[in-house]
Amino acid sequence: MDFGFSQEQEMLRATARKFFENECPSTFVRQMLDDPAGVTPDFWQKLAEQGWLGLIYPEAYGGVGLGFVDLTVLMEEMGRAVMPGPYFSSVLLGGLALLEAGSESQKKEWLTKISAGAAKVTLAWTEPNARWDAAAVTLQAREGRGGFALSGTKLFVHDAHTADALVVAARTANGASPEAGVSLFLVPRDARGLEVKLLPTMDQTRKLCEVTLKDVQVGAAALMGEKNTGWQPLARVVDRATVALCAEMCGGAQKILDMTTEYAKIRVAFGKPIGSYQGVKHRAADMLVDVENAKSITYYAAWVVDEQVAQAPLAASMAKAYVSDAYRKVAAAGIQLHGGIGFTWEHDLHLYFKRAKGSEFTFGDATYHRERVAQLINL
Amino acid sequence: MDFGFSQEQEMLRATARKFFENECPSTFVRQMLDDPAGVTPDFWQKLAEQGWLGLIYPEAYGGVGLGFVDLTVLMEEMGRAVMPGPYFSSVLLGGLALLEAGSESQKKEWLTKISAGAAKVTLAWTEPNARWDAAAVTLQAREGRGGFALSGTKLFVHDAHTADALVVAARTANGASPEAGVSLFLVPRDARGLEVKLLPTMDQTRKLCEVTLKDVQVGAAALMGEKNTGWQPLARVVDRATVALCAEMCGGAQKILDMTTEYAKIRVAFGKPIGSYQGVKHRAADMLVDVENAKSITYYAAWVVDEQVAQAPLAASMAKAYVSDAYRKVAAAGIQLHGGIGFTWEHDLHLYFKRAKGSEFTFGDATYHRERVAQLINL
Amino acid sequence: MDFRLTREQESFRDEVRAWLRQNLPKEWTSRVISGPDVPRVEAYKFLREWQKRLFDAGFIGLTWPKEYGGRGLTFMEEFILHEEMALAKAPPVLNILGIAMAGPTIIAYGTEEQKKRYPPKILSCEEIWCQGYSEPNAGSDLASLQTRAVRDGDHFVVNGQKVWTSIAQAADWMMLLARTDPDAPKHKGITYFLLDMHSPGVSVRPLRQITGDAEFNEVFFENVRVPRENVLGGVNNGWQVGITTLMYERLALGFGLQVRLRIALDALVGLAKRTKKNGDVATRDPIVRQKLAQLWIDTEAFKYTGARAITKLLRGEMPGAEASTGKIWWCETHQRLQDIAMELQGPYHQLMGGTDWALDQGLWQYTFLRSRANSVEGGTTEIQKNIIGERVLGLPKG
Amino acid sequence: MDFRLTREQESFRDEVRAWLRQNLPKEWTSRVISGPDVPRVEAYKFLREWQKRLFDAGFIGLTWPKEYGGRGLTFMEEFILHEEMALAKAPPVLNILGIAMAGPTIIAYGTEEQKKRYPPKILSCEEIWCQGYSEPNAGSDLASLQTRAVRDGDHFVVNGQKVWTSIAQAADWMMLLARTDPDAPKHKGITYFLLDMHSPGVSVRPLRQITGDAEFNEVFFENVRVPRENVLGGVNNGWQVGITTLMYERLALGFGLQVRLRIALDALVGLAKRTKKNGDVATRDPIVRQKLAQLWIDTEAFKYTGARAITKLLRGEMPGAEASTGKIWWCETHQRLQDIAMELQGPYHQLMGGTDWALDQGLWQYTFLRSRANSVEGGTTEIQKNIIGERVLGLPKG
């Protein structure tokens with residue numbers, strides 16, 4: 001057993017931290033809040049140059065071929081920087097869906113492009129029913145004339161407005177269980193009948209869209225994998241993306257703890273730094289406990305995703321349940337311990353607070369994942 | 001609106017506090033821990049002389065005719081003294097059951113005796129199924145030969161071993177709902193076939209028994225009220241007893257807070273009284289918040305029980321849900337803030353801690369009552 | 001002990017109820033779904049008129065003495081008024097700082113001239129008041145404030161800065177605490193001024209909050225001249241006067257908070273009944289039921305604790321332990337309520353006003369974010385716990 | 001990063017597993033349902049023999065140097081041993097204070113003679129050790145201890161009192177901290193002694209706890225003569241030596257706690273599966289499921305955090321933030337677990353051993369009550385949070 005990062009991983013962390021401090025300071029993040037794209041082409045190109053857009057894709061598809069633990073390091077640093085832009089949607093959601101379910105030629109074409117920063121692909125699976133299980137997928141895909149016609153509405157789709165293509169989860173049959181009859185389609189964003197609307201979100205660093213499909217015609221080649229068997233790969237993508245999200249959340253939580261500790265050392269009340277009062281000190285200690293546990297359970301999940309795949313759903317749900325609560329608590333404590341200043345727009349805390357809240361409910365909240373854990377441990 | 005105690009009630013409180021300080025110090029409580037009866041005849045007689053055994057019964061039955069708010073005051077003080085003995089079981093459970101469901105002659109005979117300290121009556125309704133709803137009652141009463149034959153087991157019966165008679169809830173019919181078909185019987189403790197076993201309990205100040213009935217024959221006169229309609233009065237008894245229990249819990253919680261505050265003022269660590277550290281001070285403040293809210297919601301329920309009877313189930317459940325959690329939290333905090341000394345047998349804290357735990361689960365815990373609140377507010 | 005209203009109180013309640021039925025502005029109530037925390041900044045003009053109408057109907061200043069424009073009633077009527085306004089989802093009273101703090105403090109400490117001059121215009125909302133206490137380096141430790149007021153003939157000259165000043169954009173007057181003796185111990189060199197916000201040298205800079213809204217402000221003073229007669233309660237006696245104001249604030253908050261919490265809770269239950277969770281109505285989910293029931297219980301407990309405090313006031317006694325817990329309890333409960341409002345919405349919680357997909361036009365998103373300040377404004381939870389520990393429980397100072 | 005065992009570690013695990021399968025005392029395992037917290041007082045003799053058997057099999061002192069009777073293995077093997085013992089519900093190691101604290105401290109600070117004399121008998125359980133640190137007026141503030149040791153020729157004469165001394169009834173030796181220079185600053189006048197518990201003047205009084213059990217003791221010293229050569233690490237250097245012991249304690253606890261928590265959790269899940277709630281199996285209740293799942297998650301998190309700390313140790317680095325959180329987290333989780341064990345039992349929670357109605361022979365009632373001390377013993381939660389705040393986060397002292 002060796003449950004720590006390798007030297008290479010620590011180097012990746014140092015590189016990433018420095019990169020984001022230089023390229024993604026909060027001034028940049030704030031510029032992106034009202035920017036519809038949420039990212040600049042320049043910044044995106046730099047990520048590509050670092051090799052981070054293809055970090056976990058095989059080299060055959062233009063990637064670097066690293067593993068999920070490596071990705072975890074990078075995601076922590078992105079979370080620390082509340083990095084805006086479609087990394088999560090394109091590299092993880094769309095990219096992983098291609099990796100899991102795409103045909104060889106789909107992978108070759110699109111993953112290479114994603115890695116190079118030349119294209120973005122997102123995943124459109126959630127719908128207005130706001131579910132995270134297979135029953136979520138109700139958008140209809142009807143077969144006919146050498147292809148499929150897709151009709152329905154996808155909601156909370158990450159960065160659909162800037163994506164070049166969407167992996168769309170659709171229902172091709174009403175099987176015995178909701179898990180049966182789901183299929184995945186790769187649909188170009190400019191397909192006729194496909195309309196994207198950017199939604200106004202609390203966390204402005206992460207863009208969400210409504211995607212409406214009205215009788216969108218796609219050829220048979222758009223189908224990813226076999227018909228009606230799309231749920232299994234989709235579930236795997238979601239579990240993996242969930243673990244990556246947890247890592248990002250850990251990075252944000254650590255940053256809040258760092259900001260809060262620094263503030264508690266210098267802010268004086270009643271003649272002493274507030275950090276000398278147990279009311280502040282003990283709460284900061286609680287934050288540390290949450291942050292450390294959040295990391296531990298996330299690192300474990302990241303390792304499992306690569307090494308013990310059968311355990312991945314349980315590990316992902318354990319992590320998401322824990323980290324959702326932890327980041328919420330740490331973010332709330334951070335604001336409280338900063339007092340009034342933490343409630344201002346000009347302080348960076350709210351960027352993290354809102355990211356924490358958004359992440360808490362992405363792919364299911366703690367209650368949802370605890371119930372999933374209960375099922376997976378056979379309660 | 002006048003949501004405070006009257007002068008007479010404040011006087012009752014002062015009298016009761018002084019009485020229990022003199023007659024029921026913790027040395028007395030400790031003597032009663034291993035005493036099977038849990039009370040001395042002398043002490044019981046003194047309660048009778050104060051008029052407290054018939055406090056809320058009509059004067060026609062030897063009582064004082066006071067209301068539930070008055071009782072609340074007394075129960076708080078009893079809780080403050082962790083008073084041992086069968087007050088709760090006899091005056092509230094058995095006595096209230098007689099008051100609610102007894103015939104005129106049953107009331108006349110037994111309530112007069114209870115008030116005078118000449119007899120004790122308990123209520124046997126809970127069973128090994130550990131339920132608090134009408135489905136709890138499965139003990140069978142078969143009608144025949146001018147009476148009934150009772151067979152089954154009652155568990156967690158308060159003070160059955162020292163009671164002169166038991167009000168036994170039994171099933172006389174299997175109706176459409178569990179609520180239909182329950183009947184109440186007044187059964188002498190020495191009835192043939194009725195066996196009582198004292199159980200070893202964590203809270204040794206409150207005795208619980210197993211009561212086994214094997215074909216116990218009772219006459220038709222033993223039936224209290226009409227056949228099959230016993231659940232309604234029983235539910236009223238339980239709601240009222242629940243409110244009284246909440247008052248007792250409030251008194252205990254306040255006592256723990258008082259003990260803890262005093263200790264925090266004198267115990268010194270690192271050169272200062274521990275109460276000057278926010279770690280202790282803030283937790284004591286949390287205790288106060290819990291205690292005050294617990295009182296408020298209990299006082300309201302006590303008032304409702306007398307004045308707005310239709311609201312009684314909701315008020316009782318709100319109180320029990322809140323107070324169960326509050327007393328548990330306050331008792332745990334009390335032990336923690338006392339450090340090691342609070343973990344010793346010789347310190348009185350554990351008497352309260354165990355009473356808190358026992359009360360928490362008597363008549364349903366917070367989760368049970370929250371669900372009942374949800375139903376009653378039409379969620 | 002009687003929780004019911006007396007016959008007189010009932011008739012007052014009926015009077016309020018009837019008036020509200022007639023006068024409630026529909027354009028407001030249709031917006032208020034998730035409680036009264038609609039961004040006030042958007043509505044100053046409307047709220048000014050609304051208070052005037054309440055005043056004309058005799059519902060403002062109920063507890064104030066008749067000679068200063070009040071009705072000389074008890075806190076009970078005030079309580080009833082607030083409760084009825086809440087139940088009817090009426091708009092809030094704009095000049096609340098004037099009514100709850102400035103007015104009573106002036107009546108308690110003012111000269112006869114001051115008592116004639118200021119209170120009536122507070123009630124009618126002709127003059128709006130704000131509170132100038134907190135400074136960038138004097139938050140919880142209020143007495144360490146640095147804004148200076150230096151005597152210059154018949155005037156004091158004020159220099160410095162205040163922060164977290166709500167309603168300053170619209171205010172005509174400020175309750176200003178400033179240091180007049182820098183050499184005295186920190187509690188003893190402070191004076192309470194009635195400061196005209198239209199004086200030269202006063203500038204207001206809105207402070208944008210995490211809600212995106214600018215409810216609070218920074219206020220800067222550059223050689224602002226305040227006439228001597230605008231000192232309230234004597235030079236260097238400002239700490240005493242200011243503390244009185246804070247006591248009134250706590251009392252007023254107590255009234256208002258109970259009602260606001262109930263409105264928010266009713267709205268939340270309404271939301272839950274309209275929301276689906278895993279394909280079924282959220283209120284059928286046992287876990288949601290537990291959370292909502294607990295909020296219900298906690299909201300009721302808050303109300304009854306308030307009733308105990310009011311009873312003491314009505315009996316002429318000082319509220320004790322039961323009055324000190326309100327603010328903490330309200331913060332805890334309200335923030336939890338808002339957290340649950342987000343949880344119920346699941347991914348919808350991200351949607352702000354401006355899309356049809358947003359639930360209740362995104363108002364919950366505002367109230368959720370706004371609620372984070374609850375445990376900081378009006379005395380942080382940490383300070384409240386110190387106060388309870390030291391003043392109520394008698395624990396030694398740290 | 002690899003959570004799996006290496007081939008060598010796997011083979012060690014198999015060795016442990018095989019041995020346990022052969023040697024596990026059935027009379028013990030049949031009793032242990034709710035974790036290893038069986039009252040130890042009842043079982044000293046049995047546990048002494050059990051440790052001897054473990055020792056003979058080579059499983060005691062894994063990390064100790066070979067020259068002092070150990071096997072010179074890493075913490076990883078220690079970790080594996082504990083985990084396997086837990087999974088097998090094996091009895092605990094009785095002389096744990098000797099193995100985890102006294103031994104390593106003697107090896108670190110002792111003279112060559114001391115190092116030869118004491119450690120081997122610790123491992124074989126020939127000599128049991130207890131810890132003499134806490135006093136009635138020196139709990140969290142350990143350095144304010146008052147027990148005196150006065151030099152008298154070749155001896156020190158000890159007078160005073162210790163408290164919370166577990167296993168003192170059975171102990172042969174005590175790690176004693178006593179004040180040797182009352183005029184020095186409080187951390188600088190303390191000496192660490194190896195005290196023979198059979199010396200004249202030592203008396204042990206069991207201290208009854210809320211469990212009814214007397215696991216802890218008071219120990220009184222009346223003119224107890226301790227030879228000079230029983231000073232460890234130098235006169236007046238006891239604070240430094242004692243702190244080292246505490247570090248070892250924390251490390252050892254970390255190993256043990258993870259395993260104990262997992263046993264208790266497995267037992268709780270077992271209980272839940274056998275328990276009915278409102279007429280249905282408790283594990284079908286959505287609220288119970290939430291609580292059990294959270295415990296599961298928290299127990300796993302504790303394990304992985306421990307694994308991160310051990311990894312640092314194995315790599316020869318000092319564990320950082322991840323090592324400091326364990327005790328707090330374990331207390332919080334374990335006490336919650338025990339609370340839930342009571343909750344699941346409903347009214348049955350009152351029934352102690354001695355009635356057939358008691359669930360699991362009333363063992364849960366013992367473990368529940370015992371768990372209340374978790375957040376006090378071995379450094380209170382408040383002290384642990386101070387340590388984290390100051391040493392890990394670098395916040396100023398209060």
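Those protein sequences? They're chains V, E, C and W, same order as listed.
With our numbering, the residue at position 251 of the first sequence is 251, and numbering never jumps.
With our numbering, the residue at position 313 of the second sequence is 313, and numbering never jumps.
With our numbering, the residue at position 50 of the third sequence is 50, and numbering never jumps.
With our numbering, the residue at position 50 of the fourth sequence is 50, and numbering never jumps.
Every residue, glycine too, gets a C-beta built ideally from N, C-alpha and C.
As the structure is a computational prediction, the values presented were derived from the model and not from experiment.
Problem set entry | Contacting positions in the segment 289 to 308 of chain C - beta carbon closer than 9 Å to chain E | 289, 290, 291, 292, 293, 294, 296, 297, 298, 300, 301, 302, 303, 304, 305, 306, 307 and 308
Problem set entry | Among 24(V), 197(V) and 188(V), nearest to residue 119(V) - alpha-carbon criterion | With distances taken between Cα atoms, residue 119(V) lies closest to 188(V).
For this session: At 9 Å on the CB atoms, spell out the chain V contacts of residue 9(W), in chain order.
Result: 1
Exercise. Considering only C-alpha positions, which residue in the set 103(V), 115(V), 41(V) and 324(V) is nearest to residue 85(V)?
Worked result: 41(V)
Exercise. Taking three-plus beta-carbon pairs below 8 Å as touching, is the segment 228 to 241 of chain V in contact with the segment 91 to 105 of chain V?
Worked result: yes
For this session: List the residues of chain C whose Cβ lies closer than 9 Å to the Cβ of residue 203(V), in chain order.
Result: Chain C residues near residue 203(V): 350.
Exercise. Does the beta carbon of residue 278(E) sit closer than 8 Å to a beta carbon anywhere in chain C?
Worked result: Closer than 8 Å: yes.
Exercise. Going by C-alpha distance, which of 250(C), 165(C) and 303(C) is nearest residue 206(C)?
Worked result: 165(C)
Exercise. Are there three or more Cβ pairs, one per stretch, closer than 8 Å when the segment 22 to 32 of chain E is compared with the segment 131 to 151 of chain E?
Worked result: no
Problem set entry | DSSP three-state assignment for residue 6(W), whether helix, strand or coil | coil
For this session: Confirm, please, whether the CB-CB distance from residue 369(E) to residue 320(E) is below 8 Å.
Result: Contact flag set, yes.
Problem set entry | Neighbourhood of residue 158(E) by C-beta distance below 8 Å, restricted to the same chain and skipping five residues each side | 86, 88, 89, 93, 122, 123, 206, 207, 208 and 209
Exercise. Looking only at C-alpha atoms, which of 7(C), 85(C) and 73(C) sits nearest to residue 22(C)?
Worked result: 85(C)
Problem set entry | C-beta neighbour in chain E for residue 347(V), strict 8 Å | Chain E contact via Cβ: absent.
Exercise. Where does residue 159(V) sit, in a helix, a strand or coil, going by DSSP?
Worked result: coil
Problem set entry | Cut-off 6 Å between Cβ atoms - residues of its own chain near residue 395(W), not counting five sequence neighbours on either side | 389
For this session: For residue 44(C), name the three-state secondary structure that DSSP assigns.
Result: helix
Problem set entry | Other residues of its chain near residue 286(C): CB distance less than 7 Å, five sequence neighbours each side excluded | none
Problem set entry | Partners in chain C for residue 199(V), counting only beta-carbon separations shorter than 7 Å | Neighbours of residue 199(V) across chain C, judged by C-beta separation under 7 Å: 351, 355 and 357.
Exercise. Roughly how far, in whole angstroms, is the beta-carbon of residue 141(V) from the beta-carbon of residue 183(V), given that I think they are within contact range, below 8 Å?
Worked result: 6 Å
Exercise. Quick one: is residue 369(V) near chain E, going by C-beta distance under 8 Å?
Worked result: no
Problem set entry | Between the CA atoms of residue 364(C) and residue 34(C) - distance to the nearest angstrom | At residue 34(C), the pLDDT of 49 sits below 50, so the modelled position is not reliable and the matter cannot be decided from this model.
Exercise. For residue 250(V), which residues of its own chain have a beta-carbon under 6 Å away from its beta-carbon, when the five flanking residues on both sides are left out?
Worked result: 76, 294, 295 and 298
Exercise. Of all the beta strand (DSSP E) runs that stay within the bounds of the segment 258 to 339 of chain W, which reach a length of 3 or more residues?
Worked result: Fully enclosed beta strand (DSSP E) runs of no fewer than 3 residues are not present anywhere in the segment 258 to 339 of chain W.
For this session: Return yes when the C-beta of residue 258(C) is under 7 Å from any heavy atom of the ligand PLP, and no when it is not.
Result: The ligand PLP is absent from the structure shown, which contains no ligands of any kind.
Exercise. Taking all protein chains shown into account, do 16 or more other C-beta atoms lie within 10 angstroms of the C-beta of residue 200(W), making it buried, or fewer, making it exposed?
Worked result: exposed
Exercise. By DSSP, does residue 345(C) sit in helix, in strand, or in coil?
Worked result: helix
Problem set entry | Nearest-angstrom Cβ-Cβ length linking residue 315(E) and residue 330(E), presumed shorter than 8 Å | Not confirmed; about 21 Å, so no contact.
For this session: Determine which residues of the segment 195 to 213 of chain C have a Cβ less than 9 Å from any Cβ of chain D, and write them out in chain order.
Result: In the structure shown, chain D cannot be found, because the protein chains are V, E, C and W.
Exercise. So residue 293(E) is in the alpha helix (DSSP H); what residue range does that whole segment cover?
Worked result: The continuous alpha helix (DSSP H) containing residue 293(E) extends over residues 278 to 307.
Problem set entry | Neighbour-count burial assignment, residue 60(E), 16 or more Cβ in a 10 Å radius | exposed
Exercise. Taking the runs of the alpha helix (DSSP H) that are 4 residues or longer, which of them lie wholly in the segment 106 to 160 of chain C?
Worked result: Along the length of the segment 106 to 160 of chain C, whole alpha helix (DSSP H) runs at least 4 residues long occupy 112 to 117 and 119 to 123, reported in chain order.
Exercise. Within the chosen definition, does the segment 269 to 281 of chain W reach the segment 349 to 357 of chain W through at least 3 CB pairs nearer than 8 Å?
Worked result: no
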